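Enquirer:
Numbering (full-length UniProt numbering), first residue to last: 1 to 477.
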């Protein structure tokens with residue numbers, strides 16, 4: 001048992017302490033389960049995030065090109081520049097969390113402090129002030145980068161707080177499942193209702209429609225984050241979590257933390273594929289299928305993912321988290337291949353079948369990323385003796401947004417290369433460019449993610465790791 005301690009720790013313990021710890025080995029038990037009120041309040045945080053950011057991720061490129069009047073190439077560059085900013089903004093928030101010590105905890109206060117600023121920028125990014133093209137581009141850069149930075153401020157704590165809510169592996173899966181279930185519900189809701197709301201509130205004026213829709217969503221987002229703040233509690237308090245960790249020390253949690261590196265890579269490449277597809281969904285149905293209204297129907301099929309989300313805890317318990325996610329990736333790839341057939345034949349029936357299969361796959365994947373990141377926090381402490389929830393989990397937001405930003409840049413570059421012209425009849429090259437983004441680029445992201453999962457081995461050592469850490473925390477306290 002003494003192998004779980006850092007060099008010198010076990011040797012420096014007195015005999016009575018060693019005997020006490022040895023006697024506890026068989027008596028270890030995980031903390032109580034998180035109450036249902038807290039589970040739902042935690043999950044609602046992702047409902048709020050997805051209401052706002054799904055609108056940004058799915059409709060902002062269309063808004064910029066077809067409503068605000070900015071070219072696809074310029075928009076693609078904007079998305080890429082925003083990701084460069086994220087190279088600093090994600091880790092910055094992680095370091096801030098690791099240095100935050102309040103009566104509310106480390107992560108929880110950020111829901112209170114930054115939900116209103118985030119909501120304000122969610123409205124500004126869909127505003128259309130009358131100005132020159134150059135001024136429009138500057139406005140887009142300021143508001144989009146602003147909403148991106150503030151999204152990190154409220155989203156990173158959703159992941160960083162998970163290891164502090166419970167150290168029970170099964171309970172973490174339950175919490176993450178509820179989070180993903182509600183997050184998917186939020187994403188589905190905004191995907192289905194955005195365009196109808198834009199049309200209803202704008203009365204044919206898309207500029208007014210997008211502004212009023214974003215305003216309503218922003219108000220809901222603030223209310224939900226207040227609920228999350230009020231009803232969650234950081235109950236796992238270790239000796240390290242109660243003090244600020246120097247940046248140099250916190251980075252040690254990443255040393256040889258291969259589970260973390262693998263999940264961060266997957267988070268990056270998976271969201272790159274997801275973003276290229278979601279950003280051109282409206283384009284595909286407007287120009288390739290000549291039926292823009294079908295976009296809301298197809299995006300609404302995200303509700304199918306809830307089946308996989310609900311099944312995730314039982315599936316992960318039976319075959320392991322790694323294998324469950326791998327199964328999801330394979331289903332996502334299969335869905336895209338079927339989608340390729342539907343896009344070629346313009347068969348809506350085939351496209352619906354492909355979408356259902358794909359969403360079943362992504363439902364399994366999305367529900368496990370946060371859980372496996374929480375496991376990497378534990379692995380970093382187990383391997384290196386340093387527990388740094390903020391810095392470890394902050395790279396989740398960074399890698400996802402880097403993937404989405406690069407996906408946006410790729411989307412813009414492919415559309416531009418294909419000769420896409422907003423609100424015009426598209427050439428065959430432009431239609432192929434839209435199809436490439438919608439069908440083929442995501443396959444690359446899902447395929448590389450599946451390959452990376454082959455090297456993920458934490459499931460095999462999780463029981464020993466959690467037992468060792470609990471003994472270590474008992475000794476510290």
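Note that CB positions come from ideal geometry on N, CA and C, so glycine has one too.
If you're wondering where the values come from, they're calculated on a predicted model, not measured in any experiment.
In whole angstroms, what separates the C-alpha of residue 12 from that of residue 384?
Expert: At residue 12, the pLDDT of 49 sits below 50, so the modelled position is not reliable; the number obtained from the coordinates is stated separately. Approximately 18 Å, taken between the alpha carbons.
Enquirer: Run through DSSP, which three-state label would residue 105 get?
Expert: Reduced to three states, the DSSP call for residue 105 is strand.
Enquirer: Mind listing, in chain order, the continuous alpha helix (DSSP H) runs of no fewer than 4 residues lying wholly within the segment 355-442?
Expert: If we require 4 residues or more, the alpha helix (DSSP H) runs fully inside the segment 355-442 come out as 389-417 and 428-435.
Enquirer: I'd like to know whether the C-beta atoms of residue 38 and residue 184 end up nearer to each other than 8 Å.
Expert: For residue 38 and residue 184, no; Cβs fall outside 8 Å.
Enquirer: Looking only at its chain, what residues have a beta carbon closer than 6 Å to the beta carbon of residue 224, apart from the 5 residues adjacent to it on each side?
Expert: The answer, listed in chain order, is 44 and 48.
Enquirer: Quick one: grab the DSSP three-state call for residue 456.
Expert: Reduced to three states, the DSSP call for residue 456 is coil.
Enquirer: Is the segment 407-421 touching the segment 351-362 in the sense that three or more CB pairs, one from each, lie closer than 8 Å?
Expert: Because the criterion of three Cβ pairs below 8 Å is not met, the segment 351-362 and the segment 407-421 do not touch.
Enquirer: Can you check which of these residues, 299, 259, 429 and 402, is closest to residue 145 by C-alpha distance?
Expert: The shortest Cα separation from residue 145 among 299, 259, 429 and 402 belongs to 402.
Enquirer: Quick check: what's the CA-CA separation for residue 459 versus residue 273?
Expert: Their Cα atoms are separated by approximately 26 Å.
Enquirer: Do you know offhand how far residue 426's Cα is from residue 336's?
Expert: Rounded to the nearest angstrom, the two C-alpha atoms are 23 Å apart.
Enquirer: The alpha helix (DSSP H) with residue 327 in it runs from where to where?
Expert: Where residue 327 is concerned, the enclosing alpha helix (DSSP H) stretches over 321-345.
Enquirer: Report the CB separation of residue 122 from residue 217 in whole angstroms; it is logged as a contact under 8 Å.
Expert: Confirmed, Cβ separation roughly 7 Å.
Enquirer: Note down, one range per segment and in chain order, each alpha helix (DSSP H) of at least 4 residues found wholly within the segment 109-156.
Expert: With a minimum length of 4 residues, the continuous alpha helix (DSSP H) runs that stay inside the segment 109-156 are 109-124.
Enquirer: If we call anything under 8 Å between Cβ atoms a contact, is residue 322 one with residue 453?
Expert: Their beta carbons are under 8 Å apart, which means residue 322 touches residue 453 by this criterion.
Enquirer: What's the gap between the Cα of residue 115 and the Cα of residue 441?
Expert: One C-alpha to the other measures close to 33 Å.
Enquirer: With a 10 Å radius around its C-beta and 16 neighbouring C-beta atoms as the bar for buried, classify residue 36 as buried or exposed.
Expert: It counts as exposed.
Enquirer: Count the C-beta pairs between the segment 307-318 and the segment 366-383 that are closer than 8 Å, then say yes if the count reaches three, no if not.
Expert: Yes: at least three Cβ pairs fall under 8 Å.
Enquirer: Expressed to the nearest angstrom, what Euclidean distance is found between the alpha-carbon atoms of residue 347 and residue 286?
Expert: Distance between the alpha carbons of residue 347 and residue 286: 15 Å.
Enquirer: Find the nearest neighbour of residue 230 within the set 399, 109, 469 and 418, judged by alpha-carbon distance.
Expert: Closest option to residue 230, Cα to Cα, is 109.
Enquirer: For a test of the three-state rule: what should DSSP assign to residue 486, helix, strand or coil?
Expert: Given that the chain is displayed from residue 1 to residue 477, the structure contains no residue 486 and the question cannot be resolved.
Enquirer: Whole angstroms is fine: what's the gap from residue 99's alpha carbon to residue 154's?
Expert: Between residue 99 and residue 154, the C-alpha separation is close to 16 Å.
Enquirer: Given a threshold of 16 other Cβ atoms within 10 Å of its Cβ, counted over all protein chains shown, does residue 72 qualify as buried or as exposed?
Expert: That one is buried.
Enquirer: State the DSSP-derived secondary structure class of residue 166, mapped to helix, strand or coil.
Expert: Of the three classes helix, strand and coil, the one that applies to residue 166 here is coil, per DSSP.
Enquirer: Mind checking residue 103: buried by the 16 CB within 10 Å criterion, or exposed?
Expert: The residue in question, residue 103, is exposed, as its Cβ has fewer than 16 Cβ neighbours within 10 Å.
Enquirer: Is DSSP giving residue 479 helix, strand or coil here?
Expert: Shown here, the chain extends from 1 to 477; a query on residue 479 therefore has no answer.
Enquirer: Closer than 8 Å is the cut-off here; do at least three beta carbon pairs connect the segment 170-177 with the segment 313-322?
Expert: Yes, they touch.
Enquirer: Considering only the alpha carbon of each residue, which of 405, 294 and 434 lies closest to residue 419?
Expert: Selected option, being the one with the closest Cα: 434.
Enquirer: Just the C-alpha distance for residue 283 and residue 81, rounded to the nearest angstrom, thanks.
Expert: Roughly 23 Å separates the two Cα atoms.
Enquirer: Which whole-angstrom value is the C-beta distance of residue 350 and residue 338, which I expect to be below 8 Å?
Expert: Rounded, the Cβ-Cβ distance is 6 Å, consistent with contact.
Enquirer: Going by the CB atoms, is the gap between residue 52 and residue 198 shorter than 8 Å?
Expert: In this structure, residue 52 does not lie closer than 8 Å to residue 198 by Cβ.
Enquirer: Exposed or buried, residue 134, counting other C-beta atoms within 10 Å across all chains shown (16 or more means buried)?
Expert: With fewer than 16 other Cβ atoms within 10 Å, it is exposed.
Enquirer: Does the beta-carbon distance from residue 257 to residue 90 come in below 8 Å?
Expert: No, these two residues do not count as a Cβ contact at 8 Å.
Enquirer: Identify whether residue 255 lies in helix, strand or coil by the three-state DSSP scheme.
Expert: In the structure shown, residue 255 sits in coil (DSSP, three-state: anything other than H, G, I, E or B).
Enquirer: For residue 465, which residues of its own chain have a beta-carbon under 7 Å away from its beta-carbon, when the five flanking residues on both sides are left out?
Expert: Excluding positions up to five away in sequence, the list reads 378, 379 and 382.
Enquirer: Is the segment 125-144 close to the segment 55-74, with three or more CB pairs under 8 Å?
Expert: Yes: the two stretches touch, three or more of their Cβ pairs being nearer than 8 Å.
Enquirer: Quick check: the Cα distance between residue 428 and residue 451, rounded to an integer number of angstroms?
Expert: Rounded to the nearest angstrom, the two C-alpha atoms are 34 Å apart.
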